[in-house]
DNA sequence: AGTCGATTCGGACTATAGTCCGGTTATGGC
DNA sequence: GCCATAACCGGACTATAGTCCGAATCGACT
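Residue numbers (my numbering), protein chains in the order written: chain B, 1 to 214; chain E, 1 to 214.
Here is the structure:
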């Protein structure tokens, strides 16, 4: 994971604090890759980074916060693609950054996609992200009670999903967005993976999105 | 909660073991009612029941297991109603135990219900159960990693839901059953409750069941 | 360069879930 | 009624998440 892409620190951060944060993220990424997310304790992360536990928890809040920080770059990439990328994941239309060759409508970029298509593309892309970092997302969602719903990222996915569902004419877009995201929860997907396999989960989730958006 | 309805102990159980189990369940029920599920530790339960921690954990496995044991009676009532009760929750038809006054088809009990109606009735009844014991179910589902999916009760709900969805012609009943149950997870419902309220959650879940079963 | 206030550091401390094993007690056969 | 054995009991022990505050460090200002 490219550490230089991680979330920008607060504007004025002391040099030692910046050094420590980088050391923690680097050590955590290494330990998680080496031993698996489950098997690594916060004590180990702190020791490997050469900082005290107090520092670790003050900077990242709790284990979920550490997970969020590690996922930050990848998450922002996805959010960026949703907000400003080419269709069908993004809105399409002018001024997107995709390859310039495609046939387009409007001034540039890709043709705009309909809400239903955008929703399917979101589910697909989200599952790419989720399956690529399943253990880490699971940690960030289950480390503490209700962690999943408190994190800013969840609200982003929810808002995006609800807007698309509303545009597609759903009766209660807010609720349905939560329901769709429930089927994309890390804990849920991790439990279904051995039973159903990746592709069946993906097909089922996309189909669910389609039925909600009809 | 009527303790005498709790799950039958293994056939040959020593008298002291039976006494201790009853004491634990009684103490746990009292403490949970008094201070809330979250605020009570296993140490407190053991102390209030007058047993050691070893006994508590050997008998119930972990905190989730204690929750399951406490929910057992209520859960079995619901399962019984699903398997053998009157329609639309149960299969209806002969030999049900409902009040004898209704107009019926067949030899006794209620008229049989269609899968879609049974599914809606299940979601409704399950939400009754869930909202009545939300904290306890949440504890039994989240006390340890993947606890929800390992418990026998989950497999029961899933099998029932999947069978109804299959009868209604769903493309992938196994997956859709998991997806519907994901929207009924205690953690999920607890997170949505302050935002949407009980009735909107109920309406949304029933509507979701309807869309999956069409 | 020196000083001073604010920020950060880090390890000792707490709370809690869950494990382990030596001692105790129930129970069934004689 | 007694004994051997198997099951059970319970508290000391471990591991881990998270807290707290005195000490050290930074960096802005003179």
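No residue lacks a Cβ here, since even glycine has one placed at the ideal position from N, Cα and C. Bear in mind that the values here come from a model prediction, so they are computed numbers and not experimental data.
Proximal residues to residue i (C-beta, below 6 Å), its chain only, five neighbours per side dropped
i, result
"residue 166(E)", "173"
"residue 168(B)", "115, 116 and 213"
"residue 197(B)", "none"
"residue 164(E)", "115, 118 and 119"
Candidates the options, of which the one nearest residue i by Cα
i, options, result
"residue 153(E)", "183(E), 77(E) and 91(E)", "77(E)"
"residue 52(E)", "21(E), 171(E), 212(E) and 131(E)", "21(E)"
"residue 170(E)", "110(E), 150(E) and 213(E)", "213(E)"
"residue 117(B)", "133(B), 73(B), 86(B) and 197(B)", "86(B)"
"residue 43(B)", "55(B), 34(B) and 147(B)", "55(B)"
"residue 31(E)", "12(E), 15(E) and 70(E)", "70(E)"
"residue 188(B)", "33(B), 60(B), 134(B) and 23(B)", "134(B)"
"residue 93(E)", "79(E), 178(E), 112(E) and 80(E)", "112(E)"
"residue 38(E)", "59(B), 132(B), 178(B) and 146(B)", "146(B)"
"residue 151(E)", "203(E), 60(E) and 84(E)", "60(E)"
"residue 74(E)", "15(E), 125(E) and 33(E)", "125(E)"
Cβ shell of residue i (< 7 Å), same chain only, five flanking positions each side left out
i, result
"residue 205(E)", "123, 127, 183 and 184"
"residue 27(B)", "45, 48 and 49"
"residue 82(E)", "89, 90, 122 and 160"
"residue 208(B)", "180 and 183"
"residue 142(B)", "187"
"residue 79(E)", "156"
Residues near residue i in its chain [Cβ-Cβ closer than 8 Å; skip 5 each side]
i, result
"residue 144(E)", "62, 63 and 64"
"residue 195(B)", "none"
"residue 24(B)", "45, 46, 49, 51, 55, 56, 59, 60 and 66"
"residue 203(B)", "none"
Expected contact under 8 Å - CB spacing of residue i and residue j to nearest Å
i, j, result
"residue 138(B)", "residue 186(B)", "4 Å"
"residue 136(B)", "residue 67(B)", "5 Å"
"residue 175(B)", "residue 201(E)", "7 Å"
"residue 178(E)", "residue 192(B)", "6 Å"
"residue 114(E)", "residue 211(B)", "Actually they are not in contact, since the Cβ atoms of residue 114(E) and residue 211(B) sit about 19 Å apart, beyond 8 Å."
Distance cut-off 7 Å: residue i Cβ against heavy atoms of the ligand NAD
i, result
"residue 43(B)", "Among the components of this structure there are no ligands whatsoever, and the ligand NAD is therefore not found."
Helix, strand or coil at residue i [DSSP, three-state]
i, result
"residue 167(B)", "helix"
"residue 124(E)", "helix"
"residue 160(E)", "helix"
"residue 133(B)", "coil"
"residue 142(B)", "helix"
"residue 24(B)", "helix"
"residue 67(B)", "helix"
"residue 114(E)", "coil"
"residue 45(E)", "helix"
"residue 54(E)", "helix"
"residue 204(B)", "helix"
"residue 176(B)", "helix"
"residue 62(E)", "coil"
"residue 75(E)", "helix"
"residue 33(E)", "helix"
"residue 194(B)", "helix"
"residue 87(E)", "coil"
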